[in-house]
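Each remark here refers to the structure printed beneath this line.
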Amino acid sequence: MRDVITNGVTQVGNLPAYTFAHKYVAGFEASQPKYSAMTQKQRDEEAKKLLSEAGYNEENPLDIKLLYNTSESNKAIAVAIASMLGKNLGAKVELENQEWKSYLVARREGNFDVLRTSWCGDYNEASTFLSLMTSDNAGNRAFYKSDAYDKIIVNALGATSDEERAKFYDQAETLLAEDMPIAPIYYYMQARLVSPTVGAFQ
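In the UniProt record's numbering, the protein residues as written are 1 to 202.
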């Protein structure tokens, strides 16, 4: 699904994501969750199993609304997601698009089933992403609450070495992958058109 969205929908060099902190954030490289190595068919089969355990099947399909803020690119991604969930899992996905102000209210109040949202780091360090998912963070749009996760982030921010801090960040990513309050889809990348005569460009 991620490859379909990055290669077939966004088409600007975004990278498929299986963890929350950006792939190229300084000083940290997250371990990838097991499902990242699965084929799409294997993921679909696992998803069907989990849905069945939750009481969803052909007679009682998953029926959700996907909320996104108005833009053509967001719409294209939402349509692709709805199509794939319907085709692969038999889910019914109703798309709901709202203008920015209405969307912000719905997001703040938790008035959604599934929400399309994004985050660009304020600074080049993993905590600019991972701290968002702590229980009391205003940016926690998934309303995720985990004492274990909160403790990991406290430990990370109090670590006295980069190596120790990175281990805690990796624990945080592992817990997010297990609890799945969010479903990372891709990392933003910025395209640059640079003349071959320009040197030392980064």
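For glycine and all other residues, C-beta sits at the position ideal for the given N, C-alpha and C.
Predicted model only: the values in this text are computed from it and were never measured.
Among Thr70, Met84, Glu59 and Thr6, whose alpha-carbon lies nearest the alpha-carbon of Arg43?
As a position in the sequence shown, residue 43 is number 43, starting the count at 1. Looking at the Cα atoms, Met84 is the closest of the given residues.
Can you pull the DSSP bridge partners for Tyr149?
For the purposes of this step, residue 149 is identified with residue 149 of the sequence shown, where counting begins at 1. For Tyr149, which the question treats as bridged, DSSP gives no partner whatsoever.
Determine the contact status of Tyr68 and Asn60, defining contact as a CB-CB distance below 7 Å.
For this step, residue 68 is matched to residue 68 along the sequence shown. For this step, residue 60 is matched to residue 60 along the sequence shown. Their beta carbons are not under 7 Å apart, which means Tyr68 does not touch Asn60 by this criterion.
Just to confirm the assignment: which complete alpha helix (DSSP H) runs, minimum length 4, are found wholly within the UniProt domain "Solute-binding protein family 5" (2-139)?
Here the runs fully enclosed are 40-53, 72-89, 100-109 and 127-130.
Following the continuous alpha helix (DSSP H) through Arg165, name the residue where it begins and the one where it ends.
The sequence position of residue 165 within the sequence shown is 165, counting from 1. Its alpha helix (DSSP H) spans residues Asp162 to Asp179.
Could you tell me the distance, in whole angstroms, from the CA atom of Val12 to the CA atom of Tyr188?
Within the sequence shown, numbered from 1, the residue matching residue 12 stands at position 12. Within the sequence shown, numbered from 1, the residue matching residue 188 stands at position 188. Answer to the nearest angstrom: the Cα atoms are 9 Å apart.
Between the stretch 168-183 and the stretch 137-152, do at least 3 Cβ pairs fall closer than 8 Å?
A contact exists between the stretch 168-183 and the stretch 137-152.
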